[in-house]
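Q: Residue numbers are given in full-length UniProt numbering: position 524 of the sequence shown equals residue 524, and the series is strictly consecutive.
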Amino acid sequence: MSTRALSKRPALQGAKPRKPPQVVPTDLSHYDRLDPFAAINALRKLLSLLPTKLGGCQYKMTPEEHKLSMHLLTIVEPFVGATPSRGNIARQPTEILDNVAFYVDSKRDLLSLALTCQRMHSVIFPRHFDYRVIKAKVSSIRVWNHLIVHRGLARHVRRLEILDERSLESEVVPSGITTTDTDVESTDDELEIHAKQEKLLVSALARMRSLQSFKWSCTHSLISIACLWPTLLRCPQLGLVDLNDNTMFLPSDDQDSSEEEGVHNSPKKTPVVSLSTIQEMTTVSVKSIKSSYGTTKHPQLLRISGLLASCPNLQTLDVTYTSPRGPGFSRPIADDFYLCGRWKGLTSLTLNNLWCTTQGLDCLATFLSAHDSLEILHFDSIIASATTLASLLPNNTLPRLKELQSSREFANAILSCNSDVPRPLETLKGIKLSGFEWDRTFFANLARAGGKISRLELAGWNEMEDLRKLLECVPKLSWLDVGNRGPYGPNLNKATNVYNANEWVTMLSLVPEITTFYGVKLFQQVPIVPANEKEPILGVSDRSKVKKNEETASLLAWKCPKLRRLEHWEDGGSKVIVLLREDGKVKYQVRRIKPENRNNLSTQ
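#1: Assuming Trp-216 contacts Asn-244 under a Cβ cut-off of 8 angstroms, what Cβ separation, rounded to an integer in Å, is found between them?
#2: Assuming Thr-320 contacts Lys-287 under a Cβ cut-off of 8 angstroms, what Cβ separation, rounded to an integer in Å, is found between them?
#3: Using three-state DSSP, classify Thr-316 as helix, strand or coil.
#4: Drop a sphere of 10 angstroms on the beta-carbon of Phe-379, count the other beta-carbons inside from all chains shown, and report buried for 16 or more, exposed for fewer.
#5: Quick test of your reading: Phe-517 and Leu-471, contact by CB under 8 angstroms. State the CB separation rounded to the nearest angstrom.
#6: What residue ranges within the segment 284–337 form continuous beta strand (DSSP E) runs of no fewer than 3 residues, ordered along the chain?
#7: Who are the Cβ neighbours of Leu-467 in its own chain at under 7 angstroms, not counting the five residues just before and after it?
#8: Looking only at its chain, what residues have a beta carbon closer than 6 angstroms to the beta carbon of Leu-364, apart from the 5 residues adjacent to it on each side?
#9: Does the distance from the CB of Leu-302 to the CB of Ser-252 come in under 7 angstroms?
#10: Measure from the alpha carbon of Leu-34 to the alpha carbon of each residue in Leu-50, Gln-92, Glu-65, then state which is nearest.
#11: Using beta-carbon positions only, say whether Ala-557 and Val-578 come within less than 7 angstroms of one another.
#12: Note the first and the last residue of the continuous alpha helix (DSSP H) segment covering Thr-506.
#13: Nearest-angstrom Cα distance between Thr-26 and Val-202?
#14: Residue range of the alpha helix (DSSP H) that Lys-562 falls in?
#15: Could you spell out the range, first to last residue, of the alpha helix (DSSP H) harbouring Gly-435?
#16: Could you tell me which of Ile-225, Arg-159, Leu-240 sits nearest to Phe-249, measuring between CA atoms?
#17: Can you give me the C-alpha to C-alpha distance between Val-590 and Pro-475, rounded to a whole angstrom?
#18: So the candidates are Asn-313, Thr-358, Asn-395; which of them puts its Cα closest to the Cα of Thr-387?
#19: The alpha helix (DSSP H) with Leu-364 in it runs from where to where?
#20: Can you list, in chain order, the residues of its chain whose CB lies under 6 angstroms from that of Leu-433, leaving out five sequence neighbours each side?
#21: In angstroms, rounded to a whole number, what distance separates the CA positions of Glu-550 and Tyr-588?
#22: Grab me the residues of Pro-422's own chain with a C-beta within less than 8 angstroms of its C-beta, minus the 5 sequence neighbours each way, in chain order.
#23: Is DSSP giving Leu-555 helix, strand or coil here?
#24: Thinking C-beta only, is His-71 closer than 7 angstroms to Leu-113?
#25: So, for Arg-592: in the same chain, excluding its five sequence neighbours on each side, which residues have a beta-carbon less than 7 angstroms away from its beta-carbon?
#26: Once the 5 residues before and after Pro-63 are set aside, which same chain residues still bring their CB inside 6 angstroms of it?
#27: Which of helix, strand or coil does DSSP assign to Gly-460?
#28: Cα separation between Asn-41 and Ile-96?
#29: Indicate the three-state DSSP secondary structure (helix, strand or coil) for Thr-441 in the structure shown.
As structure tokens, then:
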């Protein structure tokens with residue numbers, strides 16, 4: 001059959017029509033600068049279309065296609081190269097460097113990254129470093145307006161602290177924010193001002209999508225945390241919330257609003273109740289203050305319970321109520337709180353100044369037994385009957401408990417609860433020895449269940465014999481703070497002035513592992529001698545005190561070979577006495593420390 005005949009044959013039925021030539025979009029914004037693979041695929045597609053063009057346009061690019069090809073090359077170029085170069089990070093697009101800095105949370109790490117090169121410095125400091133931590137008042141509308149306008153900068157905030165309007169603490173805001181473009185100052189209505197401030201704050205908070213920590217200390221404002229909580233629920237990375245506000249302990253019902261003091265003219269506050277949850281929330285702290293603003297004589301925990309219902313993965317919880325000044329104020333009843341609160345991953349719990357009635361003891365026992373992962377328990381609350389609680393606690397309650405701070409009665413209830421595996425209890429705080437027969441039960445339970453205790457901080461004691469019996473129950477003790485000796489009076493915060501060191505050294509020898517001893521001043525006050533003065537001139541009385549202190553140091557080092565840190569003769573906790581052992585000799589040295597480091601093991 002000839003070729004001419006083949007050309008005249010009709011087309012086969014069902015044959016697919018020829019596809020039209022592909023078109024590559026020439027809009028530069030269509031291509032992501034952070035995706036080099038998409039860029040190189042688009043470039044290959046663009047080059048493959050050149051032979052398909054007709055006539056004189058074959059293998060030729062239009063001006064738009066040429067511009068697109070150069071743009072795609074700038075995207076791909078930083079990711080490819082013949083040899084590695086130390087300057088590659090500086091050649092990356094600004095968007096990539098901005099994203100790299102976005103994943104660095106700490107300001108210290110940001111500073112280290114910014115010092116690597118000038119290019120990183122130019123990206124981090126104007127856009128990241130000043131935005132990681134912001135401390136401002138609700139009335140700082142220039143800050144909130146700035147974050148609303150610059151949405152990309154608001155996502156760089158990691159920690160937000162709302163200061164009280166009366167606070168003297170300095171604000172920490174991004175540099176350059178000195179003016180505002182809002183009209184809030186133009187209104188004369190005070191309630192309208194607060195409404196606009198609340199609107200701006202909520203709008204700015206909604207743009208902080210990477211917020212990790214939130215602290216609220218605004219106790220003298222008409223704005224309630226209940227207005228901000230729904231917005232906080234939309235922060236997926238929020239892990240810590242610290243609330244210092246009396247209104248959190250108010251009843252949720254409007255009928256009790258007449259009892260609120262200082263907020264009679266405040267707008268209606270909605271209770272903190274939400275069906276949404278924050279999966280990343282691990283730490284919540286709710287505390288009241290001594291100010292009477294926003295308080296009620298009959299506080300409740302309903303708002304706090306509604307807030308905690310949004311946090312199923314809590315690990316640390318602190319609920320502390322501070323009674324306001326003046327008579328007639330009761331403590332919050334925590335019966336319903338113990339009935340509803342359940343968090344499987346809870347490891348640290350602090351409940352201070354709450355009240356558990358006789359009817360709520362069963363709920364408290366169930367609450368404690370339900371939290372098997374609890375390791376730190378600070379329970380400075382009041383319960384109706386510790387004896388009844390001890391009988392209600394099931395066996396193996398709190399099997400992982402390592403630190404307990406509570407009254408002697410509550411500690412008795414926990415220690416008397418049987419456990420198949422001994423609890424790893426290492427620290428016991430807040431115990432007050434009364435000197436009566438009630439201490440015998442505590443000593444018996446401590447001897448049975450406190451074999452691993454290494455740290456003991458007492459709230460008070462009366463007789464040396466009680467301390468001796470206590471130390472016999474904890475042979476592995478390494479840290480001892482005896483607190484204050486009774487009867488408790490105006491000198492409650494002062495250490496006991498006892499200069500008879502022999503009796504104390506004999507008692508401390510019962511615990512050979514002791515390294516730190518606080519609460520008793522075993523050293524007498526001597527004048528401070530300059531370091532550059534080799535032979536100081538001292539009076540007869542001072543020389544006697546120096547000699548006595550040297551004898552005390554030698555005696556302590558002999559009886560307690562591991563003892564190192566002791567109480568200083570001055571009050572305040574800013575100084576300690578450290579025993580130094582060098583070349584078989586013992587000497588004592590006074591060291592100044594920060595009060596917050598007083599309870600740390602390091603003496604540097």
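Just so it is clear, CB atoms sit at the ideal spot from N, CA and C, and this is done for glycine as well.
A: Answer, in terms of the structure:
#1: For the purposes of this step, residue 216 is identified with residue 216 of the sequence shown, where counting begins at 1. For the purposes of this step, residue 244 is identified with residue 244 of the sequence shown, where counting begins at 1. About 7 angstroms; that satisfies the 8 angstroms criterion.
#2: Position 320 of the sequence shown, counted from the start, is the residue given in the question as residue 320. Position 287 of the sequence shown, counted from the start, is the residue given in the question as residue 287. Indeed, because the Cβ distance is near 4 angstroms, the residues count as touching under 8 angstroms.
#3: Here residue 316 refers to the residue found at position 316 when the sequence shown is read from its first residue. Residue state, collapsed to three classes: strand.
#4: Indexing the sequence shown from 1 puts residue 379 at position 379. With 16 or more other Cβ atoms inside 10 Å of its own Cβ, Phe-379 counts as buried.
#5: Along the sequence shown, read from residue 1 onward, the residue named residue 517 stands at position 517. Along the sequence shown, read from residue 1 onward, the residue named residue 471 stands at position 471. About 11 angstroms separates the CB atoms of Phe-517 and Leu-471; that is not less than 8 angstroms, and the two are not in contact.
#6: As for any beta strand (DSSP E) of minimum length 3 sitting wholly inside the segment 284–337, the runs are 316–320, ordered along the chain.
#7: As a working mapping, residue 467 is identified with position 467 in the sequence shown. Closer than 7 angstroms at the Cβ level, and outside the excluded window around Leu-467, lie Trp-461, Val-482, Met-507.
#8: As a position in the sequence shown, residue 364 is number 364, starting the count at 1. Around Leu-364: Tyr-338, Cys-356.
#9: Here the question's residue 302 lines up with position 302 in the sequence shown. Here the question's residue 252 lines up with position 252 in the sequence shown. Cβ atoms of Leu-302 and Ser-252: closer than 7 angstroms.
#10: Numbered from 1 along the sequence shown, position 34 holds the residue referred to as residue 34. Checked all of Leu-50, Gln-92, Glu-65; the closest Cα to Leu-34 is Gln-92.
#11: Taking the first residue of the sequence shown as 1, we reach residue 557 at position 557. Taking the first residue of the sequence shown as 1, we reach residue 578 at position 578. Between Ala-557 and Val-578, the CB-CB gap reaches or exceeds 7 angstroms.
#12: As a position in the sequence shown, residue 506 is number 506, starting the count at 1. If you look at Thr-506, you'll find it in the alpha helix (DSSP H) that goes 501–508.
#13: Within the sequence shown, residue 26 is the residue found at index 26, counting from 1. Within the sequence shown, residue 202 is the residue found at index 202, counting from 1. When rounded, the distance between both Cα atoms is 40 angstroms.
#14: If you number the sequence shown from 1, residue 562 lands on position 562. Counting along the chain, Lys-562 falls outside any alpha helix (DSSP H), and DSSP gives it neither H nor E.
#15: As a position in the sequence shown, residue 435 is number 435, starting the count at 1. Neither: Gly-435 is in no alpha helix (DSSP H) and is coded neither H nor E.
#16: Within the sequence shown, residue 249 is the residue found at index 249, counting from 1. If we check each option's Cα against that of Phe-249, Ile-225 comes out closest.
#17: Stepping through the sequence shown from its first residue, residue 590 is reached at position 590. Stepping through the sequence shown from its first residue, residue 475 is reached at position 475. Rounded to whole angstroms, Val-590 and Pro-475 show a C-alpha spacing of 28 angstroms.
#18: Within the sequence shown, the letter at position 387 stands for residue 387. The residue with the shortest Cα to Cα distance from Thr-387 is Thr-358.
#19: Counting from 1 along the sequence shown, the entry for residue 364 is found at position 364. Here the alpha helix (DSSP H) through Leu-364 covers 361–370.
#20: Position 433 of the sequence shown holds residue 433. Correct list, in chain order: Asp-439, Trp-461, Asp-466.
#21: Looking up residue 550 in the sequence shown gives position 550. Looking up residue 588 in the sequence shown gives position 588. Cα atoms of Glu-550 and Tyr-588: separation of roughly 7 angstroms, rounded to the nearest angstrom.
#22: As a first step, residue 422 is located in the sequence shown; it is residue number 422 there, counting from the start. In its chain, beyond the 5 residues on either side, Ala-449, Gly-451, Lys-452 have a beta carbon closer than 8 angstroms to the beta carbon of Pro-422.
#23: For this step, residue 555 is matched to residue 555 along the sequence shown. Helix at Leu-555.
#24: What you label residue 113 is simply residue 113 of the sequence shown in a count that begins at 1. What you label residue 71 is simply residue 71 of the sequence shown in a count that begins at 1. Between Leu-113 and His-71, the C-beta gap is not smaller than 7 angstroms, which leaves the two residues out of contact.
#25: Sequence index remark: in the sequence shown, residue 592 carries index 592 (1-based). Once the five neighbours on either side are set aside, the close Cβ partners of Arg-592 are Ser-574, Lys-575.
#26: As a position in the sequence shown, residue 63 is number 63, starting the count at 1. Around Pro-63: no qualifying Cβ.
#27: Indexing the sequence shown from 1 puts residue 460 at position 460. Strand.
#28: The count along the sequence shown starts at 1 and reaches residue 41 at position 41. The count along the sequence shown starts at 1 and reaches residue 96 at position 96. The straight-line gap from Cα to Cα measures roughly 20 angstroms.
#29: Looking up residue 441 in the sequence shown gives position 441. The answer is helix: DSSP assigns Thr-441 an H, G or I state.
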